[in-house]
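Peer 1: Numbering (the UniProt record's numbering), first residue to last: 1 to 375.
For every residue, glycine included, the Cβ atom is placed at its ideal position computed from N, Cα and C.
Please read these numbers as outputs of a predicted model, since none were measured by experiment.
#1: Write down every uninterrupted run of the beta strand (DSSP E) in the segment 129-164 whose length is 3 residues or greater and which is fully enclosed by it, in chain order.
#2: With DSSP as the reference, label residue 284 as helix, strand or coil.
#3: Rounded to whole angstroms, how far is the Cβ of residue 198 from the Cβ of residue 228, which I believe are closer than 8 angstroms?
#4: If you compare alpha carbons, which of 316, 16, 127 is closest to residue 180?
#5: Tell me, to the nearest whole angstrom, how far the beta carbon of residue 172 is from that of residue 282; I am working on the premise that it is less than 8 angstroms.
#6: Of all the options 375, 374, 323, 348, which has the alpha carbon lying nearest to the alpha carbon of residue 74?
#7: Smallest Cα separation from residue 211: which of 291, 246, 90?
#8: By the DSSP assignment, the alpha helix (DSSP H) with residue 109 in it spans what residues?
#9: Along the chain, where does the beta strand (DSSP E) containing residue 196 start, and where does it finish?
#10: Considering residue 93, what are the terminal residues of the beta strand (DSSP E) in which it resides?
#11: Distance check for residue 51 and residue 160, CA to CA, integer angstroms please.
#12: Identify, in the order they occur along the chain, each residue of the same chain with its Cβ nearer than 6 angstroms to the Cβ of residue 327, setting aside the five sequence neighbours on each side.
#13: Should residue 219 go down as buried or exposed, given a rule of 16 or more other Cβ atoms within 10 Å for buried?
#14: So is residue 203 buried or exposed if we call it buried at 16+ other beta carbons inside 10 Å?
#15: Who are the Cβ neighbours of residue 322 in its own chain at under 7 angstroms, not counting the five residues just before and after it?
#16: Residues in its own chain within less than 8 angstroms of residue 255 by CB, not counting five upstream and five downstream?
#17: What would DSSP say about residue 298, mapped onto helix, strand or coil?
#18: Can you give me the C-alpha to C-alpha distance between residue 88 and residue 270, rounded to a whole angstrom?
#19: Note down the Cα distance separating residue 78 from residue 72, rounded to an integer number of angstroms.
#20: What residue from 169, 68, 265 has the CA that sits closest to residue 284's CA?
#21: Considering only C-alpha positions, which residue in the set 48, 136, 274, 43 is nearest to residue 201?
#22: How many Å lie between residue 124 and residue 193 at the Cα?
#23: Can you name the start and end residues of the beta strand (DSSP E) that residue 231 belongs to?
#24: Looking only at C-alpha atoms, which of 31, 45, 138 sits nearest to residue 66?
#25: Determine, using beta carbons only, whether residue 150 and residue 92 come nearer to each other than 7 angstroms.
#26: From 186, 232, 356, 267, pick the residue whose C-alpha is nearest to that of residue 121; which is it?
#27: Name the DSSP beta bridge partners of residue 124, please?
#28: Can you give the Cα-Cα distance for residue 2 and residue 39, rounded to whole angstroms?
#29: Here's the rule: buried if 16 or more other CB atoms are within 10 angstroms of the residue's CB, otherwise exposed. What is residue 11?
#30: What does a CB cutoff of less than 7 angstroms around residue 21 pick up in its chain, not counting 5 residues either side in sequence?
#31: For residue 339, which residues does DSSP report across the bridge?
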């Protein structure tokens with residue numbers, strides 16, 4: 001790879017990178033043609049994506065993520081995030097709090113990112129990391145957490161929920177639910193306005209964020225918990241393959257404009273679907289009903305009281321269709337939904353933080369929460 005110094009990378013190398021990330025260099029749909037700037041930026045990363053372990057190899061994937069993404073070169077790269085700011089940057093402090101799980105089976109962590117300057121009551125954001133439910137921690141989203149804290153004068157909580165397969169459903173979701181209540185209970189300590197709390201989740205964390213929103217909506221009539229201001233779902237997992245197939249077979253909703261753009265898209269390869277189903281089985285323990293809406297949010301019925309929702313999908317992601325379908329479903333239930341399809345990028349589009357598409361997306365995420373918080 002010859003772009004470490006910023007020089008242009010040759011087409012053959014970019015094609016190899018695109019294929020390693022699950023993209024089709026010869027895609028016919030304009031939306032799915034690999035974004036050249038994105039590929040040029042990801043080529044600068046000192047990472048061999050072709051050598052990344054299978055996503056379902058729990059031990060090797062955890063080791064790779066820890067050595068490359070959490071502590072290694074990608075962690076250093078994320079710290080170089082450079083976006084257009086709404087305000088002068090603030091100093092943001094960080095601490096990690098350990099909380100006992102309410103079921104008595106272990107503990108989980110809450111990573112707190114808090115502006116150090118005193119001010120008026122602040123909004124808060126809970127961030128639920130991705131990693132197929134089996135790996136990762138809040139470090140992967142730390143750069144964005146610090147941006148949210150500084151730009152929005154918010155307290156951001158990265159939830160280090162317990163991981164499958166050791167802790168299958170509903171334990172990761174229960175941790176996120178309990179963490180939300182923990183934030184509300186500790187609002188005076190952090191000077192938080194409990195009427196301005198948002199939730200953000202990516203990939204498997206997007207699944208947990210969607211399920212958390214459903215759980216909060218269901219509990220709303222009898223709960224003292226305030227409504228969430230915004231739920232942002234980023235390349236979310238919204239359905240087990242069985243639930244997605246049933247939704248498609250029984251669907252009576254017309255396709256949205258967003259979905260119509262991909263009417264002729266090639267479906268994900270069978271091998272990818274099988275690996276995805278294996279990951280889901282790690283999460284569910286192989287015993288939960290895949291049609292449970294808290295497992296597959298796309299299986300939900302009408303949801304009164306559901307919070308405003310933002311959904312981001314990547315055009316070259318095998319999860320794109322179910323993310324778009326979930327946006328359409330929520331709208332049909334009267335939920336306020338904003339949706340963005342990022343053209344020419346894969347599931348892991350946030351890795352090259354200074355690719356043009358990624359920078360603009362970061363800025364838009366800040367604006368979405370700013371609007372929801374009335375800033």
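Peer 2: Taking the coordinates as given:
#1: The DSSP assignment places 155-160 as complete runs of the beta strand (DSSP E) inside the segment 129-164, in order along the chain (cut-off: 3 residues).
#2: The count along the chain shown starts at 1 and reaches residue 284 at position 284. In this structure, DSSP gives residue 284 a helical state, which the three-state scheme calls helix.
#3: On the chain shown, position 198 is the one that residue 198 refers to. On the chain shown, position 228 is the one that residue 228 refers to. With a beta-carbon spacing of about 6 angstroms, residue 198 and residue 228 fall inside the 8 angstroms limit used to define contacts.
#4: Numbered from its first residue, the chain shown carries residue 180 at position 180. Out of 316, 16, 127, 127 has the C-alpha closest to the C-alpha of residue 180.
#5: One-based indexing of the chain shown puts residue 172 at position 172. One-based indexing of the chain shown puts residue 282 at position 282. Contact annotation, residue 172 with residue 282: C-beta distance approximately 11 angstroms; criterion of less than 8 angstroms not satisfied.
#6: Position 74 of the chain shown holds residue 74. When C-alpha distances from residue 74 are compared across 375, 374, 323, 348, the shortest belongs to 348.
#7: In the chain shown, counting from the first residue as 1, residue 211 sits at position 211. The shortest C-alpha separation from residue 211 is found at 291.
#8: Residue mapping note: residue 109 aligns to position 109 of the chain shown, counting from 1. Residue range 107-115 is occupied by the beta strand (DSSP E) that includes residue 109, with no alpha helix (DSSP H) assigned at that position.
#9: Translated into positions along the chain shown, residue 196 becomes position 196. If you look at residue 196, you'll find it in the beta strand (DSSP E) that goes 192-202.
#10: Residue numbering aside, residue 93 sits at position 93 when the chain shown is read from its first letter. Element bounds for residue 93: 92-100.
#11: Position 160 of the chain shown, counted from the start, is the residue given in the question as residue 160. Position 51 of the chain shown, counted from the start, is the residue given in the question as residue 51. Cα-Cα distance, rounded: 26 angstroms.
#12: For the purposes of this step, residue 327 is taken as residue 327 along the chain shown, with counting starting at 1. Residues 311, 337, 339 of the same chain have their beta carbon placed closer than 6 angstroms to that of residue 327, with the five preceding and five following residues left out of the count.
#13: Residue mapping note: residue 219 aligns to position 219 of the chain shown, counting from 1. Classification of residue 219: exposed, given that the 10 Å Cβ count is below 16.
#14: Position 203 of the chain shown, counted from the start, is the residue given in the question as residue 203. The residue is buried, with at least 16 neighbouring Cβ atoms inside 10 Å.
#15: Here residue 322 corresponds to residue number 322 of the chain shown, with the count starting at 1. 238, 239, 244, 298.
#16: Indexing the chain shown from 1 puts residue 255 at position 255. 263, 328.
#17: Locating residue 298 in the chain shown gives position 298, counting from the first residue. Assignment of residue 298 by DSSP, reduced to helix, strand and coil, places it in the helix class.
#18: Here residue 88 corresponds to residue number 88 of the chain shown, with the count starting at 1. Here residue 270 corresponds to residue number 270 of the chain shown, with the count starting at 1. Looking at the two C-alpha atoms, the distance is approximately 48 angstroms.
#19: By one-based count along the chain shown, residue 78 stands at place 78. By one-based count along the chain shown, residue 72 stands at place 72. Roughly 10 angstroms separates the two Cα atoms.
#20: As a first step, residue 284 must be located in the chain shown, where it is residue number 284. Per the Cα distances, 169.
#21: Taking the first residue of the chain shown as position 1, residue 201 is located at position 201. Selected option, being the one with the closest Cα: 136.
#22: The count along the chain shown starts at 1 and reaches residue 124 at position 124. The count along the chain shown starts at 1 and reaches residue 193 at position 193. In a straight line, the C-alpha of residue 124 is about 8 angstroms away from that of residue 193.
#23: Mapped onto the chain shown, residue 231 falls at position 231. Per DSSP, the continuous beta strand (DSSP E) segment holding residue 231 begins and ends at 230-234.
#24: The sequence position of residue 66 within the chain shown is 66, counting from 1. Distance check between residue 66 and each of 31, 45, 138 places 138 closest, using alpha-carbon atoms only.
#25: Position 150 of the chain shown, counting from 1, holds the residue named residue 150. Position 92 of the chain shown, counting from 1, holds the residue named residue 92. For residue 150 and residue 92, yes; Cβs fall inside 7 angstroms.
#26: As a working mapping, residue 121 is identified with position 121 in the chain shown. With distances taken between Cα atoms, residue 121 lies closest to 186.
#27: By 1-based counting over the chain shown, the position of residue 124 is 124. For residue 124, which the question treats as bridged, DSSP gives the partners 155, 197.
#28: Here the question's residue 2 lines up with position 2 in the chain shown. Here the question's residue 39 lines up with position 39 in the chain shown. Residue confidence is low: residue 2 scores 38 on pLDDT, short of 50, so the model does not pin down where it sits. Its coordinate-derived value is still stated next. Approximately 13 angstroms between the Cα atoms of the pair.
#29: Here residue 11 refers to the residue found at position 11 of the chain shown. Counting every other CB atom within 10 Å of its CB across the protein chains shown gives residue 11 a total below 16, marking it as exposed.
#30: Within the chain shown, numbered from 1, the residue matching residue 21 stands at position 21. So the qualifying residues of the chain are 49, 346, 348.
#31: One-based indexing of the chain shown puts residue 339 at position 339. Partner residues in the beta bridge of residue 339, as assigned by DSSP, are 311.
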